[in-house]
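Just so you know, the working numbering puts the end of the sequence shown at 561, numbered straight through with nothing missing.
Each residue gets a CB set at the ideal place from its N, CA and C atoms; glycine is no exception.
Just so it is clear, the structure is predicted and the values come from calculations on it, not from any experiment.
As structure tokens, the structure follows; a few thoughts come after it.
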Amino acid sequence: MTPSAQQISKYDVIAVKSSMYGLVSDAQALNSKVQVLRFHSPFAYQGFRDQDPCLSGSGMPFGATGPATEGCAVYAGHWLYAPGTRLRSAITVSATSIAVDDASRFTAGRWVVIYDGQPGAFTNAEHARVAAVNKSTNTLTLDNRGHKSTPRSHPIDAIVAEHVIGNGDNGESDRWVYNQSTACPQDSNGRQFNQAMAEWLAETYQKNPNGSASRATVAGVQLDSDFHIIQDSGGSKRPDVNNDLVQDDGFSATGENLWGEGMETLYERLRELLPNAILVGGVTEARGYTALNGTELEGWPQTVPSHSANRDYKEIDGHLTDYSVQMHHGRLGPRYTMGYNKMPTKLYPSADAPNVPDNTGFRFGFGLTLLDDGYYGQQNWHVVDPWWDEYAVDVVAGSPTFGRAIASNARMESPGLYLHCAAHGQLPDRVQCGPRKHRRLGRLRVLVRRQRRRLPARLRQCGGDRQCHPFYTNDVSRRHFPAHPGHRTGPGQRWVCGDGGDLAVLRRRHSGPTLGGV
């Protein structure tokens, strides 16, 4: 489901792929203070479903294999492979059955690279798909020879290695993982992949998928799946970052984290190129304390299994420390670290957990975030624009509802339209306006609604810099909305007149599939 520009215009920060820049630019036209981050995975290629592989709406383009990672080409040595093996006999350019030293290293349906020379040389590299594996005869049946590359003949002892697949594994065999480690081979431009990606991202993060200038104002980059170690999924990764045909899991023989150091190189190079941008990690275990503004604590509070309602208190306790470290020991501001809760609830169940008895999973994650000054994000299944009463709390001492959540109102939560009184003159009939106050709780703001007084029909213009806005209780922007000609009021809508200051509730990021992705 795709939200409307109006629905997302009330959020402080929106992280999207560049294919959605048109939508968020429309949201910024309604609310110029909405910050947009380019959502990008440095872990795996995500554009394999794009009709045009040379567009960059889903990430770095990949339409060909070349000597360097540039334009639409990716150097074969910049992908991450599992430990490979050697050809037992030479193959022709059209061969589909090949004999290898160890066929047990391969899985039917996966992609492989075939290249000449010593391990890590990547001479005459081509990609092909494994159609079948015969472990008893150590033979592979191939199809799609020369996939995004040129099919070639290869001599005996040429290397064959399987592509490591990103999260999704067998269901998405085209989701190839990049080699971000410091052991990654250099391309013909003398760059390891982390350097090539940083330079590409700095050049394109504000552009549309076709490379044209975007109408959206993009404040920075939010990375996704930027693991400090290579996260395995079902024991299927088997990484060989230095291409010596031996599984190393991203570590040197002496325990040096080659993968983690490579991620740090990516962060640092990106910060050099974008000194004033907001750069955000995408996992709880992300480092980058000298280069990033923070990270997204994805899936915190942790559950067992993932996306369930069963809390893993041991992991939750450990990652509470990660939250504190990100908020207080990073070098750069403004701080941007978010608790991203994926626990299903009674109100918003998931397909894997359709019968959650209560909503305490939300309140638990929300409360943990309030222990510090971070942002809060909530995954909600099949809901474009969810609302929790806890986002608005009465903080007026002496009020009969003091300390209580302000309940939602269905009439006021349908998508509204915004009016700037100074631009449009008289208020519409039956407008209710009144004083409002809010109290700042760290970066979280809660809205207090006092009794509205009704203005006479067909009366008053907003005087001075006073502004009037339709308001509904799930409005979670921090501010007023700018003038937008042609907007009208809807039945039963309420309006708030104010002085142009903050009108709002909470910093949070909508995390539906169209706004986040994987």
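- Closest in alpha carbon position to R330, among A262, E311, A125 and T297, is E311.
- Going by DSSP, F82 is part of the beta strand (DSSP E) stretching over Q78 to H83.
- In this structure, DSSP gives T184 an extended state, which the three-state scheme calls strand.
- If you keep only unbroken beta strand (DSSP E) runs of at least 3 residues inside the stretch 321 to 375, you get 321 to 324 and 337 to 341.
- Between the alpha carbons of G446 and V439 lies a distance of about 8 Å.
- C-alpha of R153 to C-alpha of N187: approximately 11 Å in a straight line.
- Taking a cut-off of 8 Å for Cβ pairs, the stretch 143 to 150 and the stretch 228 to 240 do not touch, as fewer than three such pairs fall below it.
- Y366 is the residue among S257, V79, Y366 and L317 whose C-alpha sits nearest the C-alpha of D416.
- In this structure, F105 is the residue among W122, F105, N222 and L183 with its C-alpha nearest to the C-alpha of C115.
- A residue is called buried when at least 16 other Cβ atoms come within 10 angstroms of its Cβ; I57 meets this threshold and is buried.
- By the Cβ test, the stretch 172 to 183 is not in contact with the stretch 86 to 93, since fewer than three Cβ pairs between them sit closer than 8 Å.
- The straight-line gap separating the alpha-carbon atoms of S216 and N210 is approximately 10 Å.
- For G293, no beta strand (DSSP E) segment is defined, and its DSSP state is neither H nor E.
- The beta carbon of V156 lies closer than 6 Å to those of A119, A168, H170 and A204 in the same chain, with the five residues before and after it left out.
- Bounds of any alpha helix (DSSP H) do not take in A138, whose DSSP letter is neither H nor E.
- Straight-line measurement puts the Cα of F165 at about 42 Å from the Cα of N384.
- In the three-state reduction of the DSSP assignment, A239 falls in the helix class.
- For V155, the beta-bridge partners assigned by DSSP are A171 and E205.
- The beta carbon of A151 lies closer than 7 Å to those of V173, A174, A175 and V176 in the same chain, with the five residues before and after it left out.
- DSSP lists no beta-bridge partner residue for L73.
- Annotation: M381 to G408 spans about 11 Å, alpha carbon to alpha carbon.
- Of the other Cβ atoms in all chains shown, fewer than 16 fall within 10 Å of the Cβ of A296; this residue is therefore exposed.
- Only exposed fits I199, as fewer than 16 other CB atoms lie within 10 angstroms of its CB.
- Taking the C-beta atoms as reference points, S62 is found nearer than 8 Å to G100.
- Apart from sequence neighbours up to five positions away, the residues of its chain that approach G305 with a beta-carbon distance below 6 Å are Q223, S224, T225 and N237, ordered along the chain.
- When DSSP states are grouped into helix, strand and coil, Y118 belongs to the strand group.
- In the DSSP assignment, T308 falls within the unbroken alpha helix (DSSP H) covering L301 to L316.
- The criterion of a C-beta distance shorter than 8 Å is satisfied by T260 and V79.
- In this structure Y379 is in contact with Y418, their Cβ atoms being roughly 7 Å apart against a cut-off of 8 Å.
- Residue range V56 to V59 is occupied by the beta strand (DSSP E) that includes I57.
- DSSP, read as helix, strand or coil, puts Y124 in strand.
- Between V427 and Q50, the C-beta spacing is below 8 Å.
- Distance from the CA atom of D432 to the CA atom of A256, rounded to whole angstroms, is 39 Å.
- With at least 16 other beta carbons inside 10 angstroms of its own, T308 counts as buried.
- Judged by beta-carbon spacing, T182 lies within the 8 Å limit of I141, meaning their Cβ atoms are closer than that value.
- When the Cα atoms are used, A201 and P126 turn out to be separated by approximately 14 Å.
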